[in-house]
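Undergrad: Here the sequence shown is numbered in numbering that gives the first Met the number 0, starting from 0 and rising by one per residue. Have a look at this one before I ask anything.
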Amino acid sequence: MKIYNHLIISLIILLLAISIGFPIIAYHFGYLEGYLSGVDSNCGGTITLNEPREERGGESTVSDIEPIPVLVNTTETTNPSKEEVETLVKYYITLYKTDDYAQEIMDTLDCESKFRHWDNNGNLLLGQAQEIGIAQFKRTTFDYYKNYYGLKDLKVENWNDQIRITVLMWGTKKWNHWTCSPL
Numbered sequence: 000m001k002i003y004n005h006l007i008i009s010l011i012i013l014l015l016a017i018s019i020g021f022p023i024i025a026y027h028f029g030y031l032e033g034y035l036s037g038v039d040s041n042c043g044g045t046i047t048l049n050e051p052r053e054e055r056g057g058e059s060t061v062s063d064i065e066p067i068p069v070l071v072n073t074t075e076t077t078n079p080s081k082e083e084v085e086t087l088v089k090y091y092i093t094l095y096k097t098d099d100y101a102q103e104i105m106d107t108l109d110c111e112s113k114f115r116h117w118d119n120n121g122n123l124l125l126g127q128a129q130e131i132g133i134a135q136f137k138r139t140t141f142d143y144y145k146n147y148y149g150l151k152d153l154k155v156e157n158w159n160d161q162i163r164i165t166v167l168m169w170g171t172k173k174w175n176h177w178t179c180s181p182l
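Laid out in structure tokens, this is it:
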């Protein structure tokens, strides 16, 4: 009877999460076996579930997973809100199942750029050493790590992509690349 009750509760949670527009809740709690893809990482799209990893014949890699553009259009030259950044950070932490350094990442981004990706003229925010955007990446560092994680299509000019690489770097304890890192 316990198993039956657990299955019913799991099904209700899954259906509720999907019906109210929170597929990430279902993914986070492990109720979806596949991975999410079929979306444009810059500006919206649809969510489709692909077949489970086992049916694809192998382990999933970071480059197998496409982000869900749940929040914002990252191609505009308007800066994201702190809440948008925090939600995206938490989303990528959940998606990649990394250690939860959300607060440390948020503190670092606040210190590095005040959550700004664009300057007052709509140009990419540049640091003193030509660091770019919200996470103040040097182009060479960003390019190295996007290749390291198998995400060759990411662009340093896109703040969503910067958040994605930042979360992956923090998840592998590479926080020494930020002068504002609290760790």
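We put the beta carbon where it would ideally sit given N, CA and C, even for glycine.
Does the count of Cβ pairs from the stretch 94-106 and the stretch 116-126 closer than 8 Å reach three?
TA: No, the stretch 94-106 is not in contact with the stretch 116-126.
Undergrad: Going straight from the alpha carbon of Y143 to that of D109, what length do you get?
TA: For Y143 and D109, the distance between alpha carbons rounds to 24 Å.
Undergrad: Between which two residues does the alpha helix (DSSP H) holding Q161 run?
TA: Per DSSP, Q161 belongs to the alpha helix (DSSP H) from 158-170.
Undergrad: Please state the DSSP three-state secondary structure of W117.
TA: Residue state, collapsed to three classes: strand.
Undergrad: Buried or exposed: N159, going by 16 or more other Cβ atoms within 10 Å of its Cβ?
TA: Result: buried.
Undergrad: Take L182 and list the residues in its own chain whose beta-carbon comes closer than 7 Å to its own, dropping the five residues that flank it on each side.
TA: Excluding sequence neighbours, L182 sits near E103, W174.
Undergrad: Out of curiosity, what's the CA-to-CA distance linking Q129 and K137?
TA: Each residue's Cα considered, the two are about 7 Å apart.
Undergrad: My output table needs one value for I133: the three-state DSSP class, helix, strand or coil.
TA: It is coil, neither helix nor strand.
Undergrad: Identify, in the order they occur along the chain, each residue of the same chain with its Cβ nearer than 8 Å to the Cβ of M105, setting aside the five sequence neighbours on each side.
TA: Excluding positions up to five away in sequence, the list reads K81, V84, E85, V88.
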